[in-house]
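Asker:
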Amino acid sequence: MTKFRPCIDLHQGQVKQIVGGSLNEQGATTNFVSAHDAAYYANIYREQGLTGGHVIALGPGNQEQALLALKTWPGGLQFGGGVNHENASAFLEAGASHVIVTSYLFDGGRFSFEKLESIKKETSAERLVLDLSCRRTDKGWQIATDRWQTITDTVINQATLNELEHHCAEFLIHAADVEGLQAGIDQELVALLGEICTIPVTYAGGARCLDDLKLVNQLSAGKVDLTIGSALDIFGGEGVTLKECIHWNQR
Numbered sequence: 405m406t407k408f409r410p411c412i413d414l415h416q417g418q419v420k421q422i423v424g425g426s427l428n429e430q431g432a433t434t435n436f437v438s439a440h441d442a443a444y445y446a447n448i449y450r451e452q453g454l455t456g457g458h459v460i461a462l463g464p465g466n467q468e469q470a471l472l473a474l475k476t477w478p479g480g481l482q483f484g485g486g487v488n489h490e491n492a493s494a495f496l497e498a499g500a501s502h503v504i505v506t507s508y509l510f511d512g513g514r515f516s517f518e519k520l521e522s523i524k525k526e527t528s529a530e531r532l533v534l535d536l537s538c539r540r541t542d543k544g545w546q547i548a549t550d551r552w553q554t555i556t557d558t559v560i561n562q563a564t565l566n567e568l569e570h571h572c573a574e575f576l577i578h579a580a581d582v583e584g585l586q587a588g589i590d591q592e593l594v595a596l597l598g599e600i601c602t603i604p605v606t607y608a609g610g611a612r613c614l615d616d617l618k619l620v621n622q623l624s625a626g627k628v629d630l631t632i633g634s635a636l637d638i639f640g641g642e643g644v645t646l647k648e649c650i651h652w653n654q655r
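Heads up: the sequence shown begins at 405 in my numbering, then just goes up one per residue.
Printed below as a string of structure tokens:
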């Protein structure tokens with residue numbers, strides 16, 4: 405069954421919810437800026453026994469908050485954002501259950517299996533999550549790196565995912581075109597992921613209410629989990645409460 409997965413998104417040293425497609429070096433269109441630090445949210449998730457969530461550092465200036473979250477809920481959160489073969493083990497030692505990697509794995513828009521093997525030596529496949537966040541193109545969905553601004557030549561399809569799933573524990577896939585818009589999930593992408601993935605996969609992007617958990621469960625036959633960010637009450641949203649998501653997971 406589809407599960408709700410929590411998140412903590414960090415931007416410029418603060419917990420925020422942003423419109424994913426707007427993120428660049430100058431900033432981002434912001435839906436919510438929290439008065440609380442990352443530990444506050446990590447503690448909520450710890451108290452509620454919510455595991456498998458992700459802490460994502462969107463750009464520089466977020467390491468202090470990231471480490472604070474990992475320390476607060478050791479083993480309960482994954483971490484991504486600037487992860488490479490040199491620092492991956494440090495984040496695992498700091499309390500991350502897994503590290504999440506994307507941009508590091510690409511050279512000039514091309515996927516590097518050499519880099520994948522390099523980071524696997526530090527983490528093992530069992531503690532590595534591949535972030536295959538993507539944007540819709542005329543080819544379908546292509547993986548996007550560098551704050552989701554660089555479209556790579558790697559397409560989200562059965563051949564790609566079947567090959568990569570042998571090298572990691574999970575996939576994390578943000579639909580960058582709808583991320584933060586609360587305008588509904590990318591239903592075609594969710595259905596495709598449910599059809600072709602044989603390892604755990606979390607989808608993020610566009611979720612706006614509890615019914616989206618039901619919809620993802622239906623579209624993916626329960627194989628794809630869902631992250632809800634901007635619509636969630638603890639991030640200033642009005643679409644769904646954390647209490648409702650917890651109740652969904654306990655069904």
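Don't be surprised by glycine CBs; every beta carbon is placed ideally from N, CA and C.
Taking the CB atoms as reference points, tell me whether Leu596 and Cys572 lie closer together than 8 angstroms.
Answerer: It is not a contact, given that the beta carbons lie outside the stated cut-off.
Asker: Which same chain residues end up closer than 7 angstroms to Ala500 when comparing Cβ atoms and leaving out the 5 residues on each side of it in sequence?
Answerer: Hits under 7 angstroms: Leu474, Leu481, Gln482, Phe483.
Asker: Among all the DSSP beta bridges, which residues are the ones paired with Ala548?
Answerer: Looking at the DSSP assignment, Ala548 forms a beta bridge with Ile555.
Asker: Per DSSP, what are the beta-bridge partners of Ile523 in this structure?
Answerer: Ile523 is not bridged to any residue.
Asker: Is the CB-CB distance between Thr564 and Ile555 below 8 angstroms?
Answerer: Going by C-beta atoms, Thr564 is not nearer than 8 angstroms to Ile555.
Asker: Rounded to the nearest angstrom, what separates Asp706 and Glu592 at their Cα positions?
Answerer: With the chain covering only 405 through 655, there is no way to say anything about residue 706.
Asker: Contact defined as beta carbons within less than 8 angstroms: I believe Leu532 pairs with Val505. What is the distance between those atoms, to the nearest angstrom?
Answerer: Rounded, the Cβ-Cβ distance is 7 angstroms, consistent with contact.
Asker: Under DSSP, the beta strand (DSSP E) around Ala461 begins and ends at which residues?
Answerer: That run of the beta strand (DSSP E) goes 457 to 461.
Asker: Under the DSSP definition of a beta bridge, which residues are partnered with Lys420?
Answerer: According to DSSP, Lys420 bridges with Val437.
Asker: Terminal residues of the continuous alpha helix (DSSP H) containing Ala595?
Answerer: First-last of the alpha helix (DSSP H) with Ala595: 591 to 600.
Asker: Over what stretch of residues does the beta strand (DSSP E) that includes Arg539 continue unbroken?
Answerer: From DSSP, the beta strand (DSSP E) with Arg539 extends over 538 to 541.
Asker: Hey, which unbroken runs of the beta strand (DSSP E) at 3 residues or more fall wholly within the segment 617 to 653?
Answerer: Here the runs fully enclosed are 628 to 631.
Asker: Determine the contact status of Phe495 and Ser634, defining contact as a CB-CB distance below 8 angstroms.
Answerer: No, these two residues do not count as a Cβ contact at 8 angstroms.
Asker: Judging by CA-CA distance, which residue of Ile460, Glu451, Ile523, Gly641 is the nearest neighbour of His415?
Answerer: Ranking Ile460, Glu451, Ile523, Gly641 by Cα distance to His415 puts Ile460 first.
Asker: In whole angstroms, give me the CA-to-CA distance for Gln469 and Thr455.
Answerer: Their Cα atoms are separated by approximately 19 angstroms.
Asker: Taking just the CA atoms, how far does Leu630 sit from Cys411?
Answerer: Cα to Cα, Cys411 sits roughly 10 angstroms from Leu630.
Asker: In angstroms, rounded to a whole number, what distance separates the CA positions of Phe517 and Phe575?
Answerer: About 16 angstroms.
Asker: State the start and end residues of the unbroken alpha helix (DSSP H) segment that holds Thr564.
Answerer: Start and end: 562 to 568.
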